[in-house]
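Below is one structure; the comments refer to it alone.
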Amino acid sequence: MSHITKVVFTDLFWETLSDHRKHSRYRDFRNSIAMCIRHKSQNRSFTSASDKPFNADPTLKGIWHCKLSRNPDVILFYRMAENTMFLSMIGDHHDYGYNNKGTNAGQVMANRIDQAIARGHVPSPDWDTIKWSTPMELLDHPELAELSLNALGRVHSAIMTEQENFDMLVRVEGEQRSQLPEVYTPWFEALDAVNDKIEAIIDARRLHKKAARGYGVVETAFTR
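Counted from 1, the sequence shown has number 176 at position 161 by my numbering; the numbering is strictly sequential.
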């Protein structure tokens, strides 16, 4: 049995993930997805109370569900084939008709997942905006690399403007504190680091598109 070395993101995965972007525990959900991927890359057969395949409903055969949160009810649904893990959909127990025998919810969900997988790999959701107020927040922001090129350009422009006038620094720290070396030095360093990171993301995105045209799915991980 092949080890999991590749991850496919479906359009349905990104679409359903977007429903949770404003939740206060959004980063926790993402971290749990990253953990699920790591488990499968280390041991394809890994199972736990929160990460296991469907067994009772034959219409869901081959689909796994990984619980990201109990309250709210948030579940990652995915499939695996050969060395590839297909992140298919974020949903909840209602999507597959939990404890509601006699419904076709499971078949409907399986069809949605299979159709999404058939549509192919979507490496980025191309978010239009992300929430940030300091350059330090951008350095470890999980969605920076998932922005559209236009959105990345807007963030890049804002960072370059800040390097010229430091209006954001004054607004966040105040006139007096913004003049303290221990305040402005890490701010300046973060601005430079974010600029470098955005440029690297843009370069990687272009290379990814070139590779994807020739080779289909490229290796990736949801670890940001």
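Glycine residues also receive a C-beta, built at the ideal position from the N, C-alpha and C atoms.
Check for me: the beta strand (DSSP E) holding Arg192 runs from which residue to which?
Numbered from its first residue, the sequence shown carries residue 192 at position 177. Looking at the DSSP string, Arg192 is not in any beta strand (DSSP E), and its letter there is neither H nor E.
Using three-state DSSP, classify Thr235 as helix, strand or coil.
By 1-based counting over the sequence shown, the position of residue 235 is 220. Low local confidence applies: a pLDDT of 49 at Thr235 is under 50, so the model's placement there is unreliable, and no value is given.
Leu195: buried (16+ other C-beta within 10 angstroms of its C-beta) or exposed?
Start at 1 with the first residue of the sequence shown, and residue 195 comes out as number 180. The residue in question, Leu195, is exposed, as its Cβ has fewer than 16 Cβ neighbours within 10 Å.
Could I get the ranges of all uninterrupted alpha helix (DSSP H) runs contained in the segment 52-138, with 4 residues as the minimum, in chain order?
120-134
His80 at chain C interface by Cβ criterion, 7 Å
Absent from the structure: chain C. Only one protein chain is present.
Of the residues His136, Asp182, Ala131, Asp110, the one placed nearest Met124, counting alpha carbons only
By one-based count along the sequence shown, residue 124 stands at place 109. Comparing Cα-Cα distances from Met124 to each of His136, Asp182, Ala131, Asp110, the minimum goes to Asp110.
Secondary structure of His171, DSSP reduced to three states:
Counting from 1 along the sequence shown, the entry for residue 171 is found at position 156. Note: His171 maps to helix in three-state DSSP.
Whole angstroms are fine: how far does the CA of Arg40 sit from the CA of Asn10?
Outside the displayed span of the chain (16 to 239) sits residue 10, for which this structure offers no information.
Span of the alpha helix (DSSP H), counted from its first residue to its last, around Phe28:
The sequence position of residue 28 within the sequence shown is 13, counting from 1. Where Phe28 is concerned, the enclosing alpha helix (DSSP H) stretches over 26-32.
So, is Leu7 buried or exposed, given that buried needs 16 or more other C-beta atoms within 10 angstroms?
In the structure as shown, the chain begins at 16 and stops at 239. Residue 7 is therefore absent and cannot be evaluated.
Any idea what DSSP makes of Lys212, helix, strand or coil?
Your numbering for residue 212 matches position 197 in the sequence shown. Note: Lys212 maps to helix in three-state DSSP.
Could you tell me how far apart the beta carbons of Ile145 and His156 are, in whole angstroms, since I believe they sit closer than 8 Å?
Translated into positions along the sequence shown, residue 145 becomes position 130. Translated into positions along the sequence shown, residue 156 becomes position 141. The pair is a contact, with the Cβ atoms about 6 Å apart (cut-off 8 Å).
Taking one C-beta from the segment 32-48 and one from the segment 94-108 each time, how about it: are there three or more such pairs within less than 8 Å?
yes
Element boundaries [alpha helix (DSSP H), containing Leu153]
What you label residue 153 is simply residue 138 of the sequence shown in a count that begins at 1. Start and end: 150-154.
Relative to the alpha-carbon of Arg134, which residue among Thr25, Lys21, Trp142 has its alpha-carbon at the smallest distance?
The sequence position of residue 134 within the sequence shown is 119, counting from 1. Among Thr25, Lys21, Trp142, the Cα nearest to that of Arg134 is on Thr25.
Answer yes if the segment 161-180 comes into contact with the segment 208-220, meaning at least three C-beta pairs across the two stretches below 8 Å, and no otherwise.
yes
Is DSSP giving Trp142 helix, strand or coil here?
On the sequence shown, position 127 is the one that residue 142 refers to. In this structure, Trp142 counts as strand in the three-state DSSP scheme.
So is Glu204 buried or exposed if we call it buried at 16+ other beta carbons inside 10 Å?
The residue labelled residue 204 in the question sits at position 189 within the sequence shown. The residue in question, Glu204, is exposed, as its Cβ has fewer than 16 Cβ neighbours within 10 Å.
Please list, in chain order, all residues of the same chain as Gln122 whose beta carbon is under 7 Å from its beta carbon, the five residues on each side excluded.
Residue mapping note: residue 122 aligns to position 107 of the sequence shown, counting from 1. Closer than 7 Å at Cβ, skipping near neighbours: Thr74.
Alpha-carbon to alpha-carbon, Pro68 and Tyr113
Residue mapping note: residue 113 aligns to position 98 of the sequence shown, counting from 1. Residue mapping note: residue 68 aligns to position 53 of the sequence shown, counting from 1. Looking at the two C-alpha atoms, the distance is approximately 14 Å.
Ile78 and Phe101: beta carbons closer than 7 Å?
As a first step, residue 78 is located in the sequence shown; it is residue number 63 there, counting from the start. As a first step, residue 101 is located in the sequence shown; it is residue number 86 there, counting from the start. Not closer than 7 Å, so no.
Under the rule that 16 or more other beta-carbon atoms within 10 Å means buried, what is Glu158, buried or exposed?
Translated into the one-based positions of the sequence shown, residue 158 becomes position 143. Answer is buried; the Cβ neighbour count reaches 16.
Pick from Ser17, Glu30, Ser84, Asp43: whose alpha carbon is nearest that of Lys55?
Taking the first residue of the sequence shown as 1, we reach residue 55 at position 40. When each option's Cα is compared against that of Lys55, the closest is Ser17.
Could you work out which residue in Arg169, His80, Asn58, Asn70 is closest to Ser47 when comparing CA atoms only?
Locating residue 47 in the sequence shown gives position 32, counting from the first residue. The residue with the shortest Cα to Cα distance from Ser47 is His80.
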